[in-house]
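Read the structure below first, then the notes.
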Amino acid sequence: MRVPPPELLNPCVGEPLVADGSGLWLPCPDMTHSRESIDLFRAADSVLVPPSLEASMPEFLSLSQARTNQADPVTLKATVALEADHEMRGNDEYDDDGSALSGWVWKQGHSHKAYQRRFFVLQNGDLSYYNAPVGRHGLYDQSKGYRGSVPLSAVTSLQPASMRLASGPINRGLRSLFVKQPPPDVEMRFGIDLVTPARTFSLVLDDASAHAKWTRELAASVPTAAVHPALRGGETKEVATLRRRSTATLPTIEFPSDALVGDVLTLTRAKLGAVPGNKANDDETREDDDVMHHFALRFGGHLAFARTSTHQMHDFAHIAALVATGRRSLYLILVPMPPKAMSTQRTNPRPLAMARPARSLDAAMSFPLAMPSLVESWRVSQSVRVSVHEALNIPLVALAKQPSHLGLEAAPLTYSHVVVRVELWFGETLLEPWQETSPVKLQASPASWTAVWPNAKTLKSKRKINELPRETRLVCTLSGVKKDANGRATCLGDDSDREQIVAASMQLFDLHGQLRQGPQYVAMVAHSHVLSPQCLDASQPLLHMSFGVADHRCYFELMQKSIFLKQQHGRTSSTTLEPRCGWLRKLGRGVGRRIWAERWFVLESGQLRYAEDPAFPPAHSIDVSSASVTLMDELNESYTTFAVNKGTRKEQSTFCFQVLAQGHALVLSAPTKADRTAWLTAISAANTDAEPSSLLYITSPSGGAESPRSSNASSVGGDVLDDVVALLTRDPLAKLSSSQKALLWSNRNEFLNHFDMLRHVLWSADWTSPVDVDEAATCLQIWAAPAHAAQWLCLLTPAFPMALVRDFALSQLTLMPPEEWVRLLPQLVQAIKCEPYLASGLALHVLSQAWTHPGHAGVALFWLLKVEIESPHPGYRERYTALLNAYMAGVAPPIRDKCRMQHHLFGTNGVFDNLSQYVKKLKKKSVSMVDIKQAMQAMLDEINETLSSTLTLPLDASVIVGKLIVSKFKVMSSAKLPLWLVFENAEVGGDPITVIFKSGDDVRQDSLTLQLIRVMDELWRERGLDLAMEPYQCVATGQRVGMLQVVLEAETTATIHQRNGTLGAFDNASFSSWLRLHHPTPDAYALAVDLFRRSCAGYCVATCVLGIGDRHNDNIMLTHAGRYFHIDFGHFLGHFKYQFGIKREKTPFVFTPEMGHVLGGVGSDAFSPFVQTCGDAFNVVREHVSLLSTLLVLMLPAGMPELRDVSDLDHLVEIALLGVDDATAAANFETAVHFCMGSTFKRVDNTIHIIAHKYL
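Here the sequence shown stands for residues 875 to 2130, where the numbers follow my numbering.
What follows is the structure, given as structure tokens:
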């Protein structure tokens, strides 16, 4: 057959994206409009908000939970300036002003602890020492007696020697008897220690003047946080830099952290007006109220403002972070409103308006039909009629279903005949059994293969059109089949005789509610439940089909309740048991061992039959009408899946149960827990002699989780309902049978006060019944609100396609503060894939919220949408391309400019991605890392020439960076060769901004894990548990490209171990001695231990619950302050690393003896609170498993390597121990803590890791 003409495939070809796109940057300018994308642009135009100051002057508030738990106010000191007097500058550390500090200093040896006189030179951030004095130009001249240098950028602590000497004098050995040494009192008064990851440099000056001069300059050369408070003096590094550069006295103000913004604005204005010669003097007559309308405060080094006079200063994220880290000084710039350098006005007030009016576009996209009249769908009692005519461009590959973590795998097609299976779906529910066309032989055409049905048979649904929900979806799957002797396709029942090739998925009713009718071409894609793209490609697989034309052209309208009840009058409702079939393993009889045999089981009409193959007649039949079922967990067996990637597998288990019937015991094994539950439910339902409580195998044990049923409730079903509730309590992801749904729905009013039951109740309703739909709407209005607004996300999962439910959830999410709403953006963007239509309420909600709060969501939404247009699924690519272009057309110009610059630098095929690919190419040619770094110098200099003066990074839209510090660039040694990038801080004196750019790695999984850790941290803080999690930032800028924040003042535990040699992982005191180096005084050390205790407890619980793998000592870090945290979350949900067939994770989480040693060991004063904190944190997470599972379920469409199926969440549900009470759960976690401490395997694994990276 010939390919249809383009105007029939795509009626909107050639339609301009927008009416006036001149000068408007769109990320996907080659996009072709479809009817759905035009509907989206029209709808988006109606919700477009005018630009506001939020785009150019965003306010970043801390989370509401953090603001609620504010500590007592503290006094803050701010250096203030006017924007006109303030300039963005590079970091002073890298300004080559030519000044140098030099002189004789006592230096203690590394191996021999005697002191030696060395001539030190400090210039341009480099500290070198020599045997003899050198001139300014001989700093690195080896012939001048060069002895070494101190890596100031790696200094983790600059502290007085008195801190070290407080614990007693150090034995310096015999050598000190023959070499002149500084007197002990001089060492105590004028000594300085520079602690680095490799060693500690101890220096002693001769007098107070030299000590003050060297201390001041060293403090300005090392990272700000590394300077001990005793050496900081009265000014910060930033203020010191300003003092050195300024000839005038810098004005400062002091205010409490809970001061109102309006008061701080007035104070700042008055202070600046008092400075002689300041331009603010011209406006001294302004009233205080007027100040707040004409000025705002900008936090130094950030594109973050304080302009709402009623906010308190500690409400802002910048101030909250400042107070949390113990700092008390900051830099504020007084800026006028509106900003002079940025304009939020659009050149085109209606950027989303279409070139042609709506009426003419509708005419161009409509198929000519003879029936212009419309009729409501509830009046149409005809079946859905579908005829398949031909399939074009068929690929000769079959997509075999693999385990969930592997998705689909293409294999050569072995059958020469094909059929099309037609199904009707509603969300995740199959509305009725499928029907298939007759098998036809594939035909070779000049360019591809086709299949033609010359006498197309009309397939009719059993359900009538007036019995279908609005969101009904039609799925047509093209499969290769084998023909039997009669010329019909074989049908074994388990699809083992089918080879899925491609599929087409489409809504039966379009966005405007009109029923599909007449001939149509539909695109076919690899996955059955991915909506087909609207823009058709004549070279890709296409399905030519026609929908039966009804007597009238109909549009959807739900039947009125009165009419529905009248039709139902006199009908008897009969509940028939659903037949169930599937593969189970049966335990056979063996001598001395278990013999499992896989059999095909069918449960129907009270009979359980099984055979060796679906094609064979049943070999055995058992009457289960009086059977009983019990769990047999003692027979469960563990096994590992195929490798997800190199060396990574997931450990899974079989789930056994026993059926006692007719005097025989049949022991069976199901592949998943959900399958076992389904079989147990089906067998129990077939038991006609069962007692009212027929599901005792799932009842919660005594003392378990409290039932959500009302205590005074009177219900239908009694104990059986309790069993259903117990099942849902133990497993929030459990699937209910039709009888269980009916029972839950009829007793829905018993659960009005328990939000977690709402989704199960709504899922149990009959959405084809006007009565149930009306009752569901009532439930949404009267149901108890959740503890966290994020829990409304559960109604946006694929199980709920109905607009009524989804729109109500969106109305609740709209009420969230923007700083909390933006944290849910990853799930909201993925949920758009589950929407029946592109111009959905969810898509408009996301666009409207992002346009309303561009400072919070502007850049974040851009990258989330940008990643999705790289999806391998054409339907998703088309949908997100339209969304991204619509968003960019309507966003404020400052945000669009940010996105454009970041896209050019950090996106797929951007500047740094190309740079990374070039590095890999050089590495493949065996070029040394030194030569690679030299080759990068010129390229980085060229990049610096193009960087904007107001560049922000995808990681944090509030931080402004300057140029790249080329000398700090390096290529990391891990497999994907990430780039270590250091940017100047745009603010005077600010520390550099360090990030890691990855190309070739999917960092979306890291980003998701860090989001879940943030959620846990918020839940803990609500309960008064401050576990100091502070997860770092991570943003995917492509499917295989991303950026990660580098946590400064932190070292990997591998580095800490190596301070004590190759076997340092076996040194119990390795962590505690490291902390003592940075906290020599008892009080400071006690604070560090407390921080370690809290953060360690939090990460032990988080990594255990999330099943984080690959936990070697290079993936765990410790800050100088004592905060313990994990990095690199490439393996989670029970996917663990295997080396030579050996599992590298032998414990549920990492807690080694050196970690226990920091706490003082088992039985110490700090160890018991640690265990108690772990138990409390674990129980808080257990209460919110449904929220965590919802966040994960919504990310399933993202197609991450280790999150592809609901069964991947089994680890989370199993590890949470939902069937026990809090005391038992806490005791189990305490047992796990002792088990981890007693295991030596992790220390062996850490040692092997050190050796492999050091010597191999």
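Backbone N, C-alpha and C fix where the C-beta goes; we use that ideal spot for every residue, glycine too.
Within 10 angstroms of the Cβ of residue i, are there 16 or more other Cβ atoms? Answer buried if so, exposed if not.
i, result
"Leu1304", "exposed"
"Phe1179", "buried"
"Glu881", "exposed"
"Thr1688", "exposed"
"Thr1110", "Confidence at Thr1110 is low in this model, with a pLDDT of 49, below 50, so the placement of that residue should be treated as unreliable; the coordinate-derived value is given next. The residue is buried, with at least 16 neighbouring Cβ atoms inside 10 Å."
"His1952", "buried"
"Ile1193", "buried"
"Phe1173", "buried"
"Arg1362", "exposed"
Alpha carbons only, please: which of the options is nearest the one belonging to residue i?
i, options, result
"Thr1671", "Ala1659, Ile1706, Ser1643 and Pro1905", "Ile1706"
"Phe2044", "Phe2103, Lys1844 and Leu1405", "Phe2103"
"Gly1729", "Leu1689, Ala1831 and Val1793", "Ala1831"
"Leu1602", "Asn1627, Asn1623, Leu1626 and Leu1632", "Leu1632"
"Ser871", "Pro1606, Asp1596, His1634 and Ala1600", "In the structure displayed, the chain extends from 875 to 2130; residue 871 sits before or after that span and is not available."
"Leu1001", "Gly977, Lys1772 and Gln1481", "Gly977"
"Cys1409", "Arg1950, Val1396 and Lys1797", "Val1396"
"Phe1064", "Leu1226, Ser1076 and Leu950", "Ser1076"
"Leu2139", "Trp1666, Phe1674, Ala1661 and Leu1607", "In the structure displayed, the chain extends from 875 to 2130; residue 2139 sits before or after that span and is not available."
"Val1889", "Leu1618, Val995, Met1380 and Leu2061", "Leu2061"
"His1747", "Phe915, Asp913 and His1403", "His1403"
"Tyr1429", "Ser1413, Leu1534 and Pro1343", "Pro1343"
Per the DSSP calculation, residue i is bridged to which residue(s)?
i, result
"Tyr1395", "His1418"
"Arg1427", "Leu1248"
"Gln1186", "Leu1134"
"Lys1338", "Ser1257"
"His1494", "Tyr1484"
"Lys2017", "Tyr2012"
"Ile1127", "Ala952"
"Val1720", "Val1720 pairs with nothing; no bridge assigned."
"Asp1596", "Asp1596 pairs with nothing; no bridge assigned."
"Val1541", "Gln1532"
"Ala974", "Gln997"
"Ile1867", "Phe1857"
"Glu1925", "Leu1992"
State the DSSP-derived secondary structure class of residue i, mapped to helix, strand or coil.
i, result
"Cys1668", "helix"
"His1291", "strand"
"Lys1837", "strand"
"Asn1329", "coil"
"Leu1750", "The question names Leu, but residue 1750 is Tyr in the sequence shown. Tyr1750: helix per DSSP, three-state reduction."
"Cys1908", "strand"
"Asn856", "The structure shown does not extend to residue 856, since the chain is modelled only from 875 through 2130, so no value can be given for it."
In angstroms with no decimal places, state the Cα-to-Cα distance between residue i and residue j.
i, j, result
"Trp1470", "Gln1374", "30 Å"
"Ala1766", "Gln1033", "48 Å"
"Met1810", "Thr1782", "19 Å"
"Phe1169", "Ala1958", "41 Å"
"Ser1353", "Pro1313", "10 Å"
"Glu1904", "Ala1924", "13 Å"
"Ala1400", "Leu900", "29 Å"
"Thr1074", "Ile1769", "46 Å"
"Gly1022", "Tyr1004", "7 Å"
"Ile2125", "Thr1936", "7 Å"
"Leu1177", "Met931", "7 Å"
"Val1541", "Val1741", "48 Å"
"Gln1536", "Leu1482", "12 Å"
Does the beta carbon of residue i come closer than 9 Å to any beta carbon on chain D?
i, result
"Asp1593", "No chain D is present in this structure, which holds just one protein chain."
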